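Let me begin by presenting the structure, written as structure tokens, before commenting on it.
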Amino acid sequence: MSRPTTAHENMMETQDRTFLSSLRHSTHAYAPGAPQPQDVEPTPAQLEAGLQVQEPCPATVAPSGHLHRHRSRSSRPQRADRGHSDFSIASSGVSIAEVPSPDEILAKIESHGLGTYRYIITGVTRGQEHSGGAEGRPADSIGAKFGIERLDCADDHIAAKEQLQQLADEYPMPEPRHGETHNQIRYRHFAVYQRLFATVIAINMILIIAFAVVAGVKGQQKIFTYADALTAVSANILGAQMMRQEHCINMLFRSVLSLPHSWSVQVRRHAAKIYCHGGVHSACGVSSMGWYIFFAVLVQNWPASNAAYKYIVLATSVIILLMFGVLTIGSIPWFRARFHNQWELMHRYSGWTTVAFFWVQLFCISASDAATESQNLGILLVKTPSFWMLIATTLLLIYPWLFLRKVTFVAEKLSTHATQLHFNTNKVLPTCAGIALSGAPLVENHKFATIPEPDNQPGFSVLVANNGDWTKKLVDNPPQYLWTRGVPALGVARIAKVFRRIVLVATGSGIGPCLSFINVHPEWAMRIVWSARLPLEGYGKSNIQNILRADKDAIIIDTKKTSYKEEDMPSLVKVTYAAYQDFDAEAVIVISNPAVTHEIVYNLEKRKVPAYGAIWDS
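Okay, so the sequence shown: first residue is 1 according to the UniProt record's numbering, each after it adds one.
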């Protein structure tokens, strides 16, 4: 006859079950959506993907499984087409400790760093009914032996200098096919951006010269008048504004993204240069100044019906020419790079002033012509092309300000160098889209790539690095709110979808725009090359987890540990080229600072490798 159980034993059994249940619950919390445990041994693929697997459990051994330290929302998709890599994962040994609670178990795993772990609980015993003594335990305590086996640790993904050198030696860079002079002209001084700029300028200059000759011929002045020149000015200003309007930019990108992968790589590689549309913007701006000079010459002979109209037109012409000069000189690349904040103010307010005085001139000229021809002013304006183009330009200028919003966020301090701003929204943002953030929208606006939440979840974040005065203040002392203006515009990283297999290269906080693609498309065939100072410590564990989720063989370079400096361009170019060859990629996308981006893209393009990077023209 069995004796009745005591209240103390019932309590201990309840604690025992609660303890083990809590541990198993913690495991599932780290890998949600995983299959239920099965009595099978986990395969390497399962361990890598974060599947919950329960091993055969002897009577004296508690259930075991393996635990993802990172909070991944889904397991990394398996891809058979991944390229071979030498950066493999090595397992560590097992450390054993007696831990009294699930919280301390998780804390111990936390201390081991980001990675994937297997936990094993053995020797679970109920507490003795007595307490005290050398071996006595309190009646309300639980004893357990807990083992941790590291299956995968983020530190294992940091590339050593020897590994980088080995990879570069395996795929040495060939010599360029052409000489340096040819390459400098072809890939730097006359690249796609410059070719678009030169083409638009050439077309406008040819027309200006042709009509100037016609206007100079006696008796042919009516073939091309000041009104026609004003129409040409308006058309170029509208074209320049459209190349900076978010919806127009997104439409251009989506037209290229619609190209099927079955098309030739040569076609897709040229179409992917769509992000160089800024060349058209700059050319239209310069051309509008050329046409306006032509207009200012022709309007000298304008027979105004009222002298006041002519004085107003001549006075505003001087102001507009001055504004055009400020816009053009201020947009010279070296000036824009050195005095960016001043350039932004000059560009915005000079442009607004020009459009405002354009309206004044248009009404003065139209009112004078209506009086001379005895027409209704409204009817004359409706018949004037410049009127409609100025309306369109003005609407494009006003439109972004209709979306001016004050937004709040949660600042996650990643390190002294970087902060990640998490914005709460019910919207799912498109991948690789940029937004303008500002503390004072009328003074300055700073563009950042948005990082959508993984698995198409609502919300997004922005990675901010300490790279300037404004960003330094934002990292050191985040404000309570910021302002956003306009709608998200697609950026260069979006062209990754044009290619089947790509290499994403980033340095420092340049990983932010890459994460925008990585989080949304972890299934894409990609090789990630990221060079940064203390990437694991400085950029957040969740970001590292998302990178490794998309590319378990990612080449992560810690510049502090390897002394592999970002300024050491030839070495980084060699690693990028080797990764391109090793992964059998179709293209390389570089997100870095201007010097690094230009150098990598140039050295790859002159070796006929499709390479793309931001051009910093705004």
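Positions of the beta carbon are idealized from the N, C-alpha and C atoms, including for glycine.
Just so we're clear, the structure is a prediction, and the values are computed from it rather than from any experiment.
Original post:
Between the C-alpha atoms of residue 172 and residue 603, what's the straight-line distance to the nearest angstrom?
Top reply: 13 Å
Next on the checklist: Checking 8 Å against the spacing of the C-beta atoms, do residue 216 and residue 284 come in under that value?
Outcome noted: no
Point to revise | Own chain, CB closer than 7 Å to residue 450, minus 5 neighbours either side, in chain order | key: 429, 433, 434, 435, 460, 462, 488, 516
- How close, in whole Å, do the beta carbons of residue 475 and residue 418 come, if the pair is a contact with beta carbons under 8 Å? 7 Å
* Do you know offhand how far residue 371's Cα is from residue 308's? -> 13 Å
Closest residue to residue 544 among 188, 156, 500, 161 (Cα-Cα distance):
156
Taking the C-alpha atoms as reference points, what is the distance between residue 375 and residue 315?
26 Å
Are the beta-carbon atoms belonging to residue 233 and residue 282 less than 8 Å from one another?
no
Span of the alpha helix (DSSP H) holding residue 512? 511-520
Residues near residue 382 in its chain [Cβ-Cβ closer than 8 Å; skip 5 each side]: none
| field | Per DSSP, cross-strand counterpart(s) of residue 448 | value | 435
**Study point:** Any chain B beta carbon closer than 8 Å to residue 268
**Key:** Of the protein chains in this structure there is only one, and it is not chain B.
So what does residue 562 bridge to, in DSSP terms? BP columns for residue 562 are empty, so no partner.
Just how far apart, CA to CA, sit residue 605 and residue 266? 13 Å
(request) Compare the C-alpha of residue 365 against each of 387, 207, 212, 444 and name the closest. (result) 387
Under a Cβ-count criterion, where at least 16 other Cβ atoms within 10 Å of its own Cβ denotes burial, should residue 384 be classed as buried or exposed?
buried
- Query: Going by the beta-carbon positions, is the gap between residue 589 and residue 493 smaller than 8 Å?
  - Reply: yes
Practice item. Alpha carbon to alpha carbon, how far is residue 343 from residue 335? Give it in angstroms, no decimals. Key: 8 Å
Proximity of residue 256 and residue 274 at Cβ, strictly below 8 Å = yes
Candidates 511, 535, 526, 405: which alpha carbon is nearest residue 485's? 405
Going straight from the alpha carbon of residue 269 to that of residue 587, what length do you get? 8 Å
Practice prompt. Name the residue from 511, 245, 555 whose alpha carbon lies nearest to the alpha carbon of residue 168.
Written response: 555
For residue 585, which residues in the same chain have their Cβ closer than 7 Å to its Cβ, ignoring the five residues on either side in sequence? 501, 502, 503, 527
Residue range of the unbroken beta strand (DSSP E) whose run includes residue 526 = 525-532
**Item:** Where the beta strand (DSSP E) through residue 612 begins and ends
**Value:** 611-613
Query raised in the report: What residue does the beta strand (DSSP E) around residue 211 start on, and which one ends it?
Result: Not the beta strand (DSSP E): residue 211 falls in the alpha helix (DSSP H), residues 192-216.
- Does the Cβ-Cβ distance between residue 192 and residue 248 come in under 8 Å? no
Point to revise | Nearest-angstrom Cα separation, counted from residue 355 out to residue 398 | key: 12 Å
task: Check whether the region 570-581 touches the region 545-553, counting contact only when three or more Cβ pairs, one atom from each stretch, lie closer than 8 Å.
output: no
- Spell out the partners DSSP gives residue 461 in its beta bridges. 422, 451
query = Quick one: what's residue 504 bridged to in DSSP?
reply = 528, 589
inquiry  = Please state the DSSP three-state secondary structure of residue 482.
reply    = strand
ask   = Less than 8 Å separating the beta-carbons of residue 531 and residue 557?
value = yes
Requested in this report: Specify the secondary structure class of residue 599 as computed by DSSP and reduced to three states.
Outcome: helix
* Asked: Using the C-alpha atoms, what's the distance from residue 329 back to residue 197?
  -> 16 Å
> To the nearest angstrom, how far is it from the Cα of residue 367 to the Cα of residue 235?
Replying inline: 21 Å
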